[in-house]
Amino acid sequence: MATERYNPRASEPKWQKAWGEAKLFETENDDPRPKYYVLEMFPYPSGRIHVGHVRNYAMGDVVARFRRAMGYNVLHPMGWDAFGMPAENAAMKNKVHPKDWTYQNIATMRTQLKSMGLSLDWSREFATCDVDYYHRQQMLFIDFVEKGLVTRKSSKVNWDPEDMTVLANEQVIDGRGWRSGALVEQRELTQWFFKITDFAQDLSDALDGLDEWPEKVKLMQRNWIGRSEGLLIRWPLAAGTAPAGENELEVYTTRPDTIFGASFMAISADHPLAKKAAENKPELAAFMEDVRRMGTSVAALETAEKKGMDTGIRVVHPFDPSWTLPVYVANFVLMDYGTGAIFGCPSGDQRDLDFANKYGLPVVPVVMPEGGDAATFQITEEAYTDDGVMINSRFLDGMKPEQAFNDVANRLEQISIGNRPMGERKVQFRLRDWGISRQRYWGCPIPMIHCEDCGVVPVPKADLPVRLPDDVEFDRPGNPLDRHPTWRHVNCPQCGKAARRETDTMDTFVDSSWYFARFTAPWENEPTDPKAANEWLPVDQYIGGIEHAILHLLYSRFFTRAMSKAGHLDLSEPFKGLFTQGMVVHETYRLGSGPNGEWVSPGDVKIEEADGKRRATLIATGEPVEIGSIEKMSKSKKNVVDPDDIIASYGADTARWFVLSDSPPERDVVWTEAGVEGAHRFVQRVWRLVSESADVLAKAEARAAGEGDAAVVSKAAHKALKSVGEDIGKLAFNKAVARIYELTNTLQGPLADAAAGKASADMVSALREAVDILIVMIAPMMPHLAEECWAALQGDGLVADRAWPKFDAALVVDNEITYPVQINGKKRADLTIARDADQLTVEKAALALEAVQKALDGKSPRKVIVVPQRIVNVVA
RNA sequence: GCGGACGUGGCGAAACUGGUAGACGCAAGAGACUUAAAAUCUCUCAGCCUCGGCUAUGCGGGUUCGAGCCCCGCCGUCCGCACCA
Numbered sequence: 065m066a067t068e069r070y071n072p073r074a075s076e077p078k079w080q081k082a083w084g085e086a087k088l089f090e091t092e093n094d095d096p097r098p099k100y101y102v103l104e105m106f107p108y109p110s111g112r113i114h115v116g117h118v119r120n121y122a123m124g125d126v127v128a129r130f131r132r133a134m135g136y137n138v139l140h141p142m143g144w145d146a147f148g149m150p151a152e153n154a155a156m157k158n159k160v161h162p163k164d165w166t167y168q169n170i171a172t173m174r175t176q177l178k179s180m181g182l183s184l185d186w187s188r189e190f191a192t193c194d195v196d197y198y199h200r201q202q203m204l205f206i207d208f209v210e211k212g213l214v215t216r217k218s219s220k221v222n223w224d225p226e227d228m229t230v231l232a233n234e235q236v237i238d239g240r241g242w243r244s245g246a247l248v249e250q251r252e253l254t255q256w257f258f259k260i261t262d263f264a265q266d267l268s269d270a271l272d273g274l275d276e277w278p279e280k281v282k283l284m285q286r287n288w289i290g291r292s293e294g295l296l297i298r299w300p301l302a303a304g305t306a307p308a309g310e311n312e313l314e315v316y317t318t319r320p321d322t323i324f325g326a327s328f329m330a331i332s333a334d335h336p337l338a339k340k341a342a343e344n345k346p347e348l349a350a351f352m353e354d355v356r357r358m359g360t361s362v363a364a365l366e367t368a369e370k371k372g373m374d375t376g377i378r379v380v381h382p383f384d385p386s387w388t389l390p391v392y393v394a395n396f397v398l399m400d401y402g403t404g405a406i407f408g409c410p411s412g413d414q415r416d417l418d419f420a421n422k423y424g425l426p427v428v429p430v431v432m433p434e435g436g437d438a439a440t441f442q443i444t445e446e447a448y449t450d451d452g453v454m455i456n457s458r459f460l461d462g463m464k465p466e467q468a469f470n471d472v473a474n475r476l477e478q479i480s481i482g483n484r485p486m487g488e489r490k491v492q493f494r495l496r497d498w499g500i501s502r503q504r505y506w507g508c509p510i511p512m513i514h515c516e517d518c519g520v521v522p523v524p525k526a527d528l529p530v531r532l533p534d535d536v537e538f539d540r541p542g543n544p545l546d547r548h549p550t551w552r553h554v555n556c557p558q559c560g561k562a563a564r565r566e567t568d569t570m571d572t573f574v575d576s577s578w579y580f581a582r583f584t585a586p587w588e589n590e591p592t593d594p595k596a597a598n599e600w601l602p603v604d605q606y607i608g609g610i611e612h613a614i615l616h617l618l619y620s621r622f623f624t625r626a627m628s629k630a631g632h633l634d635l636s637e638p639f640k641g642l643f644t645q646g647m648v649v650h651e652t653y654r655l656g657s658g659p660n661g662e663w664v665s666p667g668d669v670k671i672e673e674a675d676g677k678r679r680a681t682l683i684a685t686g687e688p689v690e691i692g693s694i695e696k697m698s699k700s701k702k703n704v705v706d707p708d709d710i711i712a713s714y715g716a717d718t719a720r721w722f723v724l725s726d727s728p729p730e731r732d733v734v735w736t737e738a739g740v741e742g743a744h745r746f747v748q749r750v751w752r753l754v755s756e757s758a759d760v761l762a763k764a765e766a767r768a769a770g771e772g773d774a775a776v777v778s779k780a781a782h783k784a785l786k787s788v789g790e791d792i793g794k795l796a797f798n799k800a801v802a803r804i805y806e807l808t809n810t811l812q813g814p815l816a817d818a819a820a821g822k823a824s825a826d827m828v829s830a831l832r833e834a835v836d837i838l839i840v841m842i843a844p845m846m847p848h849l850a851e852e853c854w855a856a857l858q859g860d861g862l863v864a865d866r867a868w869p870k871f872d873a874a875l876v877v878d879n880e881i882t883y884p885v886q887i888n889g890k891k892r893a894d895l896t897i898a899r900d901a902d903q904l905t906v907e908k909a910a911l912a913l914e915a916v917q918k919a920l921d922g923k924s925p926r927k928v929i930v931v932p933q934r935i936v937n938v939v940a
């Protein structure tokens, strides 16, 4: 019987409509089933979806559909991370309002996502630029202010003088603004900060409990938070050298054990002591100005020479009143780490050694390799940084550095300076507070008011939201909110006098730091419904790109803690399971050869293979095209593929199946036309097998004279069912795909026989069950095809609503197993024997094999190893 | 510089807790069907030879009855952080 080819263009919209009408994916908060929250990182509405989105959302959808079939109440929402600079850049370039641009993009991308057939609960959709959403974010901000989690302080920022805005470090390229190309300045600006450092210890410690997170991400966060244990040492300033009112220098060190190797102090150019010292030393002031100007860009740091200048100030060694050390201002000391001051121990640190050699400072070795000779051990050009034994260190001599650390700490804790101890153990973090002020229009307004009399006052909650005005101009760079004729003028909520609104908006990372909580009750007036949030959270499976390993994921962990402190939640970790998927990459093509050829789109290139070599030509002109390296898809290299085109020509199921096949999901996948065609062939093959045998299977027609072993079919189906379930549970989609191919290969012959009327009643019923299993298993990945097959078999209801069947334990084990039989570790024979045969029986049967007898040549084996259910090894 | 991950056929990859290396897919080759093409189906597909074997998981050692997997030392690729005291 000839059947039609499967037509996704007709089929897919039909089933999407059916799911929508059945409201299958609209989730209720009160549902007795166990909950499962699966979330993919929501997209920025840049214009159109790209294949990276397809991969991300296909994976999440497989998990969502699988968990639904497993009997969970699944929450699988979607929204838009909709504030941000691209909207303003588009406004400046194309004279379109950021709001219009953003909502138009959302409309386009929503349609695109819907064409993928994702099982999303669209009833909970929101965009972070919706007033409803940023209103609640402003409420959170004010709660955080009340809980002491917000501060306003002055900090150094990258300032683009042309665009008149702060730039993030990532937006500064070779010291220039990424958009304007202007030389970036370091400016001291007063900014709003979230006190993420309050949670530094917990954010670091709690990583240990995240056992469903990739080790790599946890490690990156741990390093980013950068916990270190050390000692705060207060060095007394030598009389007669100290500026008025100063009598100590506070230094942080992780190596107090090397205190007798100290030969100088180095302080930052921004250190208060440096500033005082510079007051009557013009050459020092000039040097400090130089240092400040140098900036902190990577390029500047790499090439910068280590430089310093003596302040004239001297400190006294804590353990020797007669020993004084000079205090230098040095260009490599950072004000915002530790205390902005260090002691230099040249023998134990390469940078300190270079500095000491340059300025003629003493170099005293204090740690020597175990077994060395203290009398002759010297450091000249290379510092010794490994473990060893203390030398030249008076009462520390002979100790290990670790002991010496404790000894120094204990002693300094007992000595007083002023009314404080001279030494204090301290845990230091690299993590800084999170600066959230942006001099931008398209973001969430910071709900604060500046009053001359009352200071900075929060906007009363009753007056929220602080709405973004629509009537703004983008004809000039800078923040339009600053230039708006009326918006910033407001009366002080405390005294009623004329005051000024904060015109900075929040970093867009704030928006994405709590959206997952909002999804649990997006209709609430408060930021969350704590009951709903606590029931749904943590997100059971979060899926997104590795590029968010630190920023977004760390901020969200902070926000969850902060929101809990403010009573909106009651948990600390937002994401129980995290999965970071790889990118979609593609070959690149360029005209001619060499690095100057123009990039060409894959769609314009024809590739042919001859003699094992692939050659590419431009379709339009026949010009030769050079096939370049495989790279991340980017507009500039034109190696992008539009999901719309793929869905239009092959259907969403093909696209989904392709991105889930072959490559492990955490690795990059190479997009190839051949691979997509392969995926599409499988779609058609499943349809052909099912539709051609559908009549026979649906009516259970059988011919007694059938061929084939029905048990083989049943076993294959149940084994596949078991492993596909396990694989999807582990997000090993590529393996699940392989198992489904295997089952299809097994079913192919028997199904063809059945379609031709050559199947027994047993076989027909085994096939019917196997095909039902196949349909349920492909459904999470290719939901439309599954429905179409199910309908062809006259099944009841929708596959999307069917339960995942339980595999039959009796069918997944074989009664007989085949042991490989090795002789001296090399396989020489097979032994098929009953599964429950005991070791001795297996050993005897193995030794009786002809191949084994031949190899032993009459001698008895030295040893026989039988690993039950696995292998036999005969040691001759 | 510091920290981490990874190296398996022409390609993407499998391989359970140390137990038959290469499942599954792509590409390629041969054949069948067809006037022809597409589609589909069947077979071959790590390398080498003497068709029974031998050699093969980046390289060199080690542990073990047995190593892709564990240990030591190299080489290569990728990623993160980077004046962090």
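Take the first sequence: its letters are residues 65 to 940, numbered as in this note's numbering.
Backbone N, C-alpha and C fix where the C-beta goes; we use that ideal spot for every residue, glycine too.
These numbers were taken from a predicted model, which means no experiment stands behind them.
| Check | Outcome |
| --- | --- |
| Neighbourhood of Pro162 by C-beta, 6 Å cutoff - its chain only, sequence neighbours within 5 removed | Ala151, Glu152, Ala155 and Trp506 |
| Whole-angstrom distance between Ala800 and Lys786, CA atom to CA atom | 10 Å |
| Beta-bridge partners of Ala680, as assigned by DSSP | Ile671 and Val689 |
| DSSP state of Pro544 mapped onto helix, strand, coil | helix |
| With 16 other Cβ atoms within 10 Å as the buried cut-off, status of Asp717 | buried |
| In DSSP terms, what Gly294 is bridged to | Lys490 |
| Sufficient close CB pairs (3 or more, under 8 Å) joining the segment 486 to 496 to the segment 293 to 306 | yes |
| Buried/exposed call for His744, threshold 16 Cβ in 10 Å | buried |
| Top-ranked residue by Cα proximity to Ala447, from Phe469, Leu476, Asp471 and Arg415 | Arg415 |
| Inter-residue spacing [alpha-carbon to alpha-carbon] between Phe324 and Val393 | 21 Å |
| Touch test, the segment 461 to 473 against the segment 313 to 322, Cβ-Cβ under 8 Å, three pairs minimum | yes |
| Local Cβ density within 10 Å of Leu904, reported as buried at 16 or more and exposed below that | exposed |
| Integer Cβ distance of Val126 from Ala719, believed to fall under 8 Å | Actually they are not in contact, since the Cβ atoms of Val126 and Ala719 sit about 13 Å apart, beyond 8 Å. |
| Endpoints, the alpha helix (DSSP H) within which Met149 is located | Met149 to Asn158 |
| Separation of His335 from Thr317, as counted between CA atoms | 17 Å |
| Sub-8 Å separation of Met841 and Val788 beta-carbons | yes |
| Beta-carbon proximity of Ile510 to Glu566, cut-off 8 Å | yes |
| Span of the alpha helix (DSSP H) around Leu761 | Glu737 to Lys763 |
| Inter-residue Cα distance where the pair is Ser480 and Val380 | 14 Å |
| Buried versus exposed, by CB contacts within 10 Å (16 or more), Trp223 | buried |
| C-alpha gap between Leu283 and Gln503, whole angstroms | 33 Å |
| N-terminal and C-terminal residue of the alpha helix (DSSP H) that Tyr121 is part of | Val115 to Ala133 |
| Candidates Gly922, Ser698 and Ala856, of which the one nearest Val760 by Cα | Ala856 |
| Validate contact between the segment 622 to 642 and the segment 593 to 600 using beta carbons, cut 8 Å, 3 pairs | yes |
| Residues near Pro107 in its chain [Cβ-Cβ closer than 8 Å; skip 5 each side] | Ile113, His117, Trp144, Asp145 and Met173 |
| Exposure label - Pro247; buried when at least 16 CB within 10 Å | Correcting the residue identity first, residue 247 is Leu in this sequence and not Pro. Looking at its Cβ environment, which holds fewer than 16 other Cβ atoms inside 10 Å, Leu247 is exposed. |
| Assigned exposure category for Asn120 - 16 Cβ within 10 Å defines buried | buried |
| Status (buried if at least 16 other CB within 10 Å, exposed otherwise) for Pro300 | buried |
| Through-space distance from Val928 to Asp900, alpha-carbon basis | 19 Å |
| Selected residue, minimal CA-CA separation from Pro429, among Val536, Arg458 and Tyr401 | Arg458 |
| In DSSP terms, what Phe257 is bridged to | Thr215 and Gly499 |
| Helix, strand or coil at Leu807 [DSSP, three-state] | helix |
| Assigned secondary structure, Gln886 (DSSP; H/G/I helix, E/B strand, else coil) | strand |
| Distance between Ile839 and Leu807 (C-alpha atoms, nearest Å) | 11 Å |
| Secondary structure of Lys891, DSSP reduced to three states | strand |
| Rounded distance between the beta-carbons of Ile683 and Lys670, thought under 8 Å | 5 Å |
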